[in-house]
Amino acid sequence: MQLERTLGLADLVEPSALHDVCTAFRELFGIGLRVFAADGSLLAESVEEEAFCTYVREFGEGRRQCNQFRAQLARFTAQGPEPLAVRCFAGCAYLAAPVLFEGDAMGKVVYGPYLPADATRLPSTLMRLDTEIDPATISERSASLRRVRHDTLDRIVHAFQRVLDLILHSGQRATLTSETHLATIEESYREIAVKNKRLQETADRLKELDRLKSNFLATVSHELRTPLTSIIGYSEMLAQGLAGPLAEEQRKFIGTILEKGEHLLRLISAVLDISTLDARRLELRREPTDVAGLCARAVEKAVAQSGRRDVRLDMRPAPALPLVPVDPDLIEKALLHLVDNALKFSPPGGAVAIELGLTEPRADGEASIGFVLLAPLRRFLRVTVRDAGPGIPQNSLDRIFDAFFQEDGSATRSHGGLGLGLALVRQFAEAHGGSVEVESEPGKGSAFHLLLPVPPSAVIPTGAPP
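Number 467 marks the last residue of the sequence shown (this note's numbering); no jumps.
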């Protein structure tokens, strides 16, 4: 991987680690070190000010020239790969060695102050800095300066450069790894952002298509229902003999027209209901309702519509049930779909049982985790519709309430329908704050439980069945 920026000394070296190395070299060889970046900024140093330098800086001119020399030393740039020795105004020597890494100048290391081993005396100009400078003190303090031979200093510089090379190589590997990891993360983030944008655009298009589909279904349903209502109406008038007497065969034909017309009307109504739910246009008209009465009407309609006289319907009486605030039209539709579904899948000679009761008090399922124990207890009015049909495979139980889902999706299936009935039951139940559950086992029939919430203020009659 190629980095898009040039790495500097500060990018490759941890300042605290570099300071520790400088300190170790000063303690080992007795000479101070300062490490500067290419821009002259100080990265690390380990220097103990010599007594000689401290004395010179006690005088105003000495302090000014010392500060000026240090600033020049920080900006100093070697004109080649070799170290360059420079002297300050007081005679102290410093060695500026460039820091080279893979042919690039990364900065410099300044060694000093020290006195060359062959130095015999200090500059005569030193005594003219200030009239109060004491020659004896200068002589005494300069004697404490470290004297270093040129070959010894070369070995110190070479050793420090070797250590610095190792640090720089290690820092380069760490930086490349970090930069590569960061670049990979950024690239992955960009890819995810692009994919997320595409997914969002796709989701928006699907929502728009779904909206258009719902509007189309609603429009088509309305347009189909209008002429179909006329067909059914005129067929009823013919069946009643309003247009004159009919022969027996004609009555059978009219009866077939009525039966198929009403069946088609129910399908169109189901499509209209599902499109209304998809468009979130469902409006509830709640009123205290006797659900047992709704069940009785739903059973009568289901039997009349299905024409199934070979299936026994067993509606067990349910006295002492409370009135629940529901939309009676929607709940009757839900019950009609459940009973119709049970009749459709029951074999000849089979039985469909409708049971009503109340659930035991249970914690509100919508309570947040951790607050279940504090959640209010609720009861539900339960309507159970059991059939003796073929049952539902385990892998289809989660999808049985999806719109248009058919367990047998082939064109030659033995049971008709659009696969909307159970989807509508779930939507109607959830719109009331309830739910619908299913228990089934292949070969043993199915049981659908419609649960409608009973408000806490509802009066539960004594002896209400569980």
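Glycine included, C-beta positions come from ideal geometry on N, C-alpha and C.
Closest residue to residue i among the options (Cα-Cα distance)
{"i": "G351", "options": "L324, G392, E442 and V312", "result": "V312"}
{"i": "E440", "options": "H20, R35, L273 and I393", "result": "I393"}
{"i": "L344", "options": "L336, V304, I332 and V325", "result": "V304"}
{"i": "R88", "options": "L96, V14 and R286", "result": "L96"}
{"i": "E49", "options": "D40, Q66 and P114", "result": "P114"}
{"i": "A404", "options": "A271, D135 and G108", "result": "A271"}
{"i": "P84", "options": "A75, C93 and V100", "result": "V100"}
{"i": "I233", "options": "L183, K261, V325 and S436", "result": "K261"}
{"i": "R76", "options": "F53, A94 and A38", "result": "A38"}
{"i": "L285", "options": "L273, L337, G434 and S140", "result": "G434"}
{"i": "Q423", "options": "A448, E431, L339 and V386", "result": "This sequence places Leu at residue 423; Gln is not what is there. Per the Cα distances, L339."}
{"i": "H475", "options": "T257, G9 and R400", "result": "Outside the shown range of the chain (2 to 467) lies residue 475, about which nothing can therefore be said."}
{"i": "R298", "options": "R287, L314 and E288", "result": "L314"}
Run of the beta strand (DSSP E) containing residue i, from where it starts to where it stops
{"i": "L359", "result": "A352 to L359"}
{"i": "G108", "result": "D105 to P117"}
{"i": "D315", "result": "R313 to M316"}
{"i": "E333", "result": "No beta strand (DSSP E) holds E333; the alpha helix (DSSP H) holding it covers P329 to F346."}
{"i": "E46", "result": "L43 to S47"}
{"i": "A97", "result": "A94 to F102"}
{"i": "P289", "result": "E288 to T290"}
{"i": "S447", "result": "S447 to V455"}
{"i": "L243", "result": "Where L243 is concerned, there is no enclosing beta strand (DSSP E), given that its DSSP letter is neither H nor E."}
{"i": "A86", "result": "L85 to R88"}
{"i": "F381", "result": "L378 to R387"}
{"i": "L1", "result": "Here the chain covers residues 2 to 467 and nothing more, so residue 1 does not appear."}
Residue environment, residue i, which counts as buried when at least 16 other CB atoms sit within 10 Å
{"i": "S47", "result": "buried"}
{"i": "G444", "result": "exposed"}
{"i": "A368", "result": "Bear in mind that a pLDDT of 45 at A368, under 50, signals an unreliable position, so the number given afterwards is only what the model happens to contain. Classification of A368: exposed, given that the 10 Å Cβ count is below 16."}
{"i": "P349", "result": "exposed"}
{"i": "L146", "result": "buried"}
{"i": "K109", "result": "buried"}
{"i": "I461", "result": "exposed"}
{"i": "L43", "result": "exposed"}
{"i": "D328", "result": "buried"}
{"i": "V384", "result": "buried"}
{"i": "L331", "result": "buried"}
{"i": "F217", "result": "exposed"}
{"i": "H223", "result": "exposed"}
{"i": "S17", "result": "exposed"}
{"i": "N396", "result": "exposed"}
{"i": "S231", "result": "exposed"}
{"i": "E141", "result": "exposed"}
{"i": "I193", "result": "exposed"}
Boundaries of the alpha helix (DSSP H) in which residue i is found, first to last residue
{"i": "A469", "result": "Because the chain in this structure spans residues 2 to 467, residue 469 falls outside the shown range and cannot be described."}
{"i": "S436", "result": "Element bounds for S436: not the alpha helix (DSSP H) but the beta strand (DSSP E), S436 to S441."}
{"i": "P16", "result": "P16 to F30"}
{"i": "L123", "result": "L123 -> no alpha helix (DSSP H), and no H or E assigned at all."}
{"i": "T55", "result": "A52 to V57"}
{"i": "F70", "result": "G61 to R76"}
{"i": "A11", "result": "L10 to L13"}
The segment 55–69 contacting the segment 185–195, beta-carbon criterion three pairs below 8 Å: no
Inside the segment 130–177 only - alpha helix (DSSP H) runs reaching at least 4 residues: 136–143
Cβ contact (3+ pairs, closer than 8 Å) linking the segment 245–256 and the segment 208–216: no
Inter-stretch contact at 8 Å, needing at least 3 Cβ pairs: the segment 124–131 / the segment 103–114: no
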